[in-house]
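Residue numbering for the sequence shown follows numbering that gives the first Met the number 0, beginning at 0 and increasing consecutively.
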Amino acid sequence: MAWTDEVNGNVDERDFTGENGSLEGGQPSTSSGSSPSISPPKKIFQGKDPLSYANILRTRNKFVDALDIYESLLETDSGNVEAHIGKGICLQMQNMGRAALDSFAEAIKLDPHNPCVLTHCGIIYKEEGRLMEAAESYQKALLADPSYKPAAECLGIVLTDLGTSLKLAGNTQEGIQKYHEAIKVDPHYAPAYYNLGVVYSEMMQYDVALNCYEKAALERPMYAEAYCNMGVIYKNRGDLDSAIACYERCLAVSPNFEIAKNNMAIALTDLGTKVKLEGDINQGVAYYKKALFYNWHYADAMYNLGVAYGEMLKFEMAIVFYELAFHFNPHCAEACNNLGVIYKDRDNLDKAVECYQMALSIKPNFSQSLNNLGVVYTVQGKMDAAASMIEKAIVANPTYAEAYNNLGVLYRDAGDISLAIEAYEKCLKIDPDSRNAGQNRLLAMNYINEGTDDVLYEAHREWGRRFMRLYPQYSSWDNPKDPERQLIIGYVSPDYFTHSVSYFIEAPLIYHDFANFKVVVYSAVVKADAKTSRFKERVLKKGGMWRDIYGIDEKKVASIVRDDNVDILVELTGHTANNKLGMMACRPAPLQVTWIGYPNTTGLPSIDYRITDALADPPETKQKHVEELVRLPHCFLCYTPSTEAGAVSPAPALSNGFVTFGSFNNLAKVLISSEVCSASIMLICNYVVMSLRILFSLLLSDNTQGAKSLGKDPIRGSKFSTYRKMQALLL
0 MAWTDEVNGN VDERDFTGEN GSLEGGQPST SSGSSPSISP PKKIFQGKDP LSYANILRTR
60 NKFVDALDIY ESLLETDSGN VEAHIGKGIC LQMQNMGRAA LDSFAEAIKL DPHNPCVLTH
120 CGIIYKEEGR LMEAAESYQK ALLADPSYKP AAECLGIVLT DLGTSLKLAG NTQEGIQKYH
180 EAIKVDPHYA PAYYNLGVVY SEMMQYDVAL NCYEKAALER PMYAEAYCNM GVIYKNRGDL
240 DSAIACYERC LAVSPNFEIA KNNMAIALTD LGTKVKLEGD INQGVAYYKK ALFYNWHYAD
300 AMYNLGVAYG EMLKFEMAIV FYELAFHFNP HCAEACNNLG VIYKDRDNLD KAVECYQMAL
360 SIKPNFSQSL NNLGVVYTVQ GKMDAAASMI EKAIVANPTY AEAYNNLGVL YRDAGDISLA
420 IEAYEKCLKI DPDSRNAGQN RLLAMNYINE GTDDVLYEAH REWGRRFMRL YPQYSSWDNP
480 KDPERQLIIG YVSPDYFTHS VSYFIEAPLI YHDFANFKVV VYSAVVKADA KTSRFKERVL
540 KKGGMWRDIY GIDEKKVASI VRDDNVDILV ELTGHTANNK LGMMACRPAP LQVTWIGYPN
600 TTGLPSIDYR ITDALADPPE TKQKHVEELV RLPHCFLCYT PSTEAGAVSP APALSNGFVT
660 FGSFNNLAKV LISSEVCSAS IMLICNYVVM SLRILFSLLL SDNTQGAKSL GKDPIRGSKF
720 STYRKMQALL L
């Protein structure tokens, strides 16, 4: 935020003359005795008094002609004080200060207490930078005539300039004293109040400074700098409305005041961020745009527009404003980083890497870009490069909790669950409420043997208790209590697209009893695809409702669900990616259920039931669940195969001469269960009189070390072509 430059207190110098051309404040002194005889002037003025005529010419800025008359008069009357003063003024106005002082000196010899001539001497001293001599001359004028206003005004100016000189030399207190002396001499001199405001602002005495600026504006209502600096104080205090009001007053009197326009842009941008964080993102965008009206190349407003449009899922607009922000501020690493995030989410990984690397070329230790680059490398399977980037992010910012979470994801994808859990726990130590790390830890704990099921249960239950405190819970609902009405059942998931869970969701949705139940689907899909469209089309065709909730705050989603009067709300994700457990924690429906997406308890006391079967959770199991288990007969899952799979191919063993087992699970599950898998396969082989070969397909990673450590061969190819190479899949 810029302070306006200090005003040195200069005002236009004035020729202190009366309306009739005579000097105000004192007449020429006369000597006692008879008046001296005056010779006729050389020039004829057609009956006009030559002195009066010269004064008239001087007031009309005809200084050369007036000077000629004054000199003619003084040739015949060297004791004419008024002529000496007039001559001095004409010389002064022609920038002949030395000659003017000589003329004023002659006048002072004749009339030592003439306030007018003393004041003019002070003006010349001030113009020459001799401020102390100027002040002394003005003070002599006031001693001669305390009511002589021009001397008081000029003394106020020079004392203010002295105060500024002292302040700039480091003598702040002496400078303040001079400003107060100026105000005492001339209580209406606005720059003295203004400069006091500047000093007190620099001393962080903002209440005193505001008072001084207000007095300056009161004395000079067109004082743009005073309004501007008042705005700076209010802005720094967080009172953005008052700051903007001050800048508006400033620009009303000085529309082209660049500092005020820039400050207005800053304040409007801050106000935009404030209202956006309060939930009004559209008003925030409006303020950012208004900021650009005042400063069309203000990169911060453009950057914040990029952030806002990203949050509104208007990614094309976000890209435009991030690009503009970077154009107008080539040092804005944050804009490059956020561009990378958008491109990464669009699966344009090469462009994302380019953006992150650009950000790091600007800020080599930018922890967010280091972390994000590590995330992309993890997705690409470049595990060593990913680990290097994330570790650099942690070195750059040891309290960067999310970097530890992403390090955990990397270890998980590499199959090292123990290290993954350790990294998640480091994240949680820094940020106990980290949702990603908390849920990733629970998911990872399912992969390893913690000794007893009680460990898993307690971990989930403790997480649920803590998580519930972050969300308000509904305790009453407006659902009609009519036993004859249709029950409303809601299904919420981010996996209504080509995702493994979607193959188990499809049948329950498509074959639902739409006649007796009203179905509402809440879709949190990040990137919809053709399968999403098919789901939506079928649900709507059968009379159901489809609501897209991606990007909407979970508390707001809970409010939507409650307004829909949902009786039974079923979530299909558990602790896997992009879940809506925050919405479930609000308990927007009187009865809540979890199903399909997670093989364990959610830990949330707001979820009443978990749908399973007797095979997945045997009735005699001792494993505990926060929810009550509801076991469906036969099987709790119904798989719908892909329409793109094609016909069933002949068993590869017929041509290979051996049985091929394969797994399409993530590497964590493969490595952890390798001994169990091998034992199971050997058991099967007792009944299969063929050679045995095991292939593990690692489709998403180029890190084959884990598979090779098991003595197994990774293979690559399209999903369905790889399926055809398998005799049996290990799940």
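No residue lacks a Cβ here, since even glycine has one placed at the ideal position from N, Cα and C. None of these values were measured; they are calculated from a predicted model.
field: T600 classed as buried or exposed, judged by whether at least 16 other C-beta atoms fall within 10 angstroms
entry: buried
- request: Please state whether DSSP places S241 in a helix, a strand or coil.
  value: The answer is helix: DSSP assigns S241 an H, G or I state.
query: So what does DSSP say about F320, is it helix, strand or coil?
result: F320 falls in the helix class under three-state DSSP.
query: Does the Cβ of M263 have 16 or more other Cβ atoms within 10 Å, making it buried, or fewer, making it exposed?
result: By the neighbour-count rule (16 or more Cβ atoms within 10 Å), M263 is buried.
- request: Leaving aside the five residues before and after L539 along the sequence, list all residues of the same chain whose C-beta is less than 7 angstroms from its C-beta, in chain order.
  value: Non-local beta-carbon contacts of L539 in its own chain, meaning distances under 7 angstroms to residues more than five positions away in sequence, involve W545 in chain order.
task: Mind the definition here: the segment 567 to 578 touches the segment 550 to 557 only if three or more C-beta pairs lie below 8 angstroms; say whether that holds.
output: no
query: Per DSSP, which one or two residues make a beta bridge with E627?
result: Y608
field: When A181, K313, C115 are compared against E81, the one with the closest alpha-carbon
entry: C115
field: Cβ distance (whole Å) where L85 is taken to contact N54 below 8 angstroms
entry: Before going further, note that residue 85 is Gly rather than Leu in the sequence given. Their Cβ separation, rounded to whole angstroms, is 6 angstroms, which keeps G85 and N54 in contact under 8 angstroms.
message: If you follow the alpha helix (DSSP H) that S475 is in, where does it begin and where does it stop?
response: That residue, S475, is in no alpha helix (DSSP H); it is neither H nor E in DSSP.
- prompt: In chain order, what residues of the same chain lie with their CB nearer than 7 angstroms to the CB of N303, ignoring the 5 residues before and after it?
  reply: The beta carbon of N303 is closer than 7 angstroms to those of T268, G271, T272, Y287 in its chain, skipping five residues each way along the sequence.
query: So does the segment 626 to 637 actually touch the segment 650 to 660, counting three or more Cβ pairs closer than 8 angstroms?
result: Contact between the segment 626 to 637 and the segment 650 to 660 is absent, because fewer than three Cβ pairs lie under 8 angstroms.
message: Assess contact between the segment 480 to 490 and the segment 508 to 523, defined as three or more Cβ pairs (one per stretch) separated by less than 8 angstroms. Is contact present?
response: yes
Nearest candidate by alpha-carbon position, reference Y495, set D481, A529, D566: A529
task: Would you kindly check if the distance between the Cβ of L590 and the Cβ of S625 is under 9 angstroms?
output: The residue you asked about is not Ser; residue 625 is Val in the sequence shown. No. Outside cutoff.
task: Quick one: give me the first and last residue of the alpha helix (DSSP H) that Q485 is part of.
output: Looking at the DSSP string, Q485 is not in any alpha helix (DSSP H), and its letter there is neither H nor E.
- request: For the segment 150 to 159 and the segment 184 to 193, state whether three or more C-beta atom pairs, one from each stretch, are separated by less than 8 angstroms.
  value: yes
- prompt: Do three or more CB pairs link the segment 474 to 484 to the segment 449 to 463 at distances below 8 angstroms?
  reply: no
- prompt: Exposed or buried, what is V394 when buried is set at 16 or more other beta-carbons lying within 10 Å of its beta-carbon?
  reply: exposed
query: Do the CB positions of A386 and G407 come within less than 9 angstroms of each other?
result: no
Bridge partner(s) assigned by DSSP for M357: Paired residue(s): none; M357 is not in a bridge.
Reference N170; option with closest CA among C245, Q93, V198: V198
message: Need the endpoints of the alpha helix (DSSP H) that D412 sits in, please.
response: 400 to 412
query: Checking contacts by CB at 9 angstroms: is A150 closer than that to chain B?
result: In the structure shown, chain B does not exist; there is a single protein chain.
query: Candidates T377, N113, D299: which alpha carbon is nearest A266's?
result: When T377, N113, D299 are compared, the shortest CA-CA separation from A266 is found for D299.
message: Less than 9 angstroms between the C-beta atoms of A400 and S368, yes or no?
response: no
message: Checking 9 angstroms against the spacing of the C-beta atoms, do L568 and V592 come in under that value?
response: yes
For T593: DSSP bridge partner residues: E570, R609
- prompt: What whole-angstrom Cβ distance do Y321 and L348 have, given they're in contact under 8 angstroms?
  reply: Actually they do not touch by this definition, with Cβ atoms about 18 angstroms apart.
task: Would you identify the three-state DSSP class for T3, choosing helix, strand or coil?
output: Confidence at T3 is low in this model, with a pLDDT of 40, below 50, so its placement is unreliable and the value that follows should be read with caution. It is coil, neither helix nor strand.
message: Between A223, P220, S200, F256, which has its C-alpha nearest N235's C-alpha?
response: S200
field: Alpha-carbon spacing of F365 relative to L359, whole angstroms
entry: Roughly 6 angstroms between the two C-alpha positions.
message: Here's a check: name, in chain order, each residue in its chain whose Cβ is nearer than 6 angstroms to the Cβ of M301, leaving out the five neighbours to either side.
response: F320, L323, A324
- request: State buried or exposed for K428, treating a residue as buried only when at least 16 other CB atoms are found within 10 Å of its CB.
  value: With fewer than 16 other Cβ atoms within 10 Å, it is exposed.
Range of the contiguous beta strand (DSSP E) that encloses M229: Counting along the chain, M229 sits inside no beta strand (DSSP E); it lies in the alpha helix (DSSP H) bounded by residues 223 to 235.
- request: List the residues that DSSP assigns as beta-bridge partners of F516.
  value: In the DSSP output, where bridge partners are listed per residue, F516 has L486.
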